[in-house]
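Have a look at the structure below, then the notes.
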Amino acid sequence: MTAFRHLSVLPDEVIRFLDPADGKTYLDGTLGGGGHASLILEKAPGAFLVGIDRDQTALAAAGARLAVHGDHVHLLHGDFADVSELLSSLGVTGLDGFILDLGVSSHQLDTRERGFSFQQDAPLDMRMDVSSCGETAAELVNTLPEAELERIISEYGEERWAKRIAAFIVNERAVSPVATTFRLVDIIKGAVPKAKWDDRIHPATRTFQALRIAVNTELESLEQGMRAALDLLKPGGRGVIISFHSLEDRIVKHVFREYLGACTCPRQLPVCVCGNQARVRILTSRPVSATTEETDENPRARSAKLRAVEKL
């Protein structure tokens, strides 16, 4: 098992938009190793912070890192989608701010046995919560109908070769189960014509992303958890979300727009009847990206997009 390693992206920007203060309550809904949480408490040592993560290894690492803050920190094992219930268990009924740093952590990618990376051979797992009874990536690729595999790879991976990849997987699993990352990589390489490989990314990147999203129901968790956290924000409270691919960013934009009070009535109606009212103020007219200096130090930050809102 590798030591927990994860550099928090856009650290200065997160603190600037959250603007943490003593005596207030903050949530890190995707705690990881506790990098953003640590920054919040360094800026506001008198604040109270709740951290949530599905990965118990991350929780243990964050707990050690944040122990210096004593009872100003409370860490919970769970899915951010269940944030309302998790916070209710602590008696927390309102938030002054929250941060979500989405996607997979450097530690999860680097830990071979977790099966997230196509660069190391390992069992196809990809569960962020290995203590759960949820399906692994191996179970998905070996049991799902071909059409469903194609849908997942196309929709979650935005992979143009999804149809061929799904067909190749089904053909290969008929010979023997697809149980390891390298076996799946070989299948994908065979399915995608070599002349069409993108020099910028590995041919397995999009399929691995798609399976990870499906295994962890990441998009559903994001939308459900976002709405709950926004509802919990007190007036003046702020929400900061960092996404890493277009599917996540699309959901963030959609939910923020909804809370902005945009009319959802059909265009043919002469007057608005939906009754939508603005509940937030957008703090980022366009997503904030990492500086060149940060991406040089932390390549993961290259695709990061930060969006922030303030509750009215």
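All residue numbers for the sequence shown refer to our numbering, where the first residue is 2 and numbers rise by one.
Each residue gets a CB set at the ideal place from its N, CA and C atoms; glycine is no exception.
Under the DSSP definition of a beta bridge, Lys306 partners with Ser244.
DSSP, read as helix, strand or coil, puts Asp126 in coil. In the DSSP assignment, Glu221 is bridged to no other residue. Under the 10 Å beta carbon count, Trp198 is surrounded by fewer than 16 other beta carbons and is classified as exposed. Distance between Leu284 and Thr292, taken at the CA atoms: about 19 Å. Between Leu233 and the set Phe119, Tyr27, Gln121 and Ile53, the nearest pair of CA atoms involves Tyr27. At least 8 Å separates the beta-carbon of Leu313 from that of Val241. Distances from the alpha-carbon of Ala63 to those of Gly33, Gly47, Gly79 and Leu88 put Gly33 closest. Three or more beta-carbon pairs separated by less than 8 Å link the stretch 203–214 to the stretch 150–160, which places the two stretches in contact.
In the three-state reduction of the DSSP assignment, Val74 falls in the strand class. Note on Ala48: 16 or more other CB atoms within 10 angstroms of its CB, so buried under the neighbour-count rule. Here Lys25 is buried, its C-beta having at least 16 other C-beta atoms within 10 Å. Annotated three-state conformation of Gly262 is coil, per DSSP. As summarised for the stretch 6–53, the continuous alpha helix (DSSP H) elements at least 4 residues long and confined to that stretch are 12–19 and 36–44, given in chain order. Taking 8 Å as the upper bound for CB-CB distance, Asp250 and Pro288 are in contact here, some 7 Å apart. Contact between Arg282 and Val310 holds, with the beta-carbon distance rounding to 7 Å and staying under 8 Å. By the C-beta density criterion, Arg268 is exposed, having fewer than 16 other C-beta atoms within 10 angstroms. In this chain, Leu101 is not harboured by any alpha helix (DSSP H); it is covered by the beta strand (DSSP E) spanning Leu96 to Asp102.
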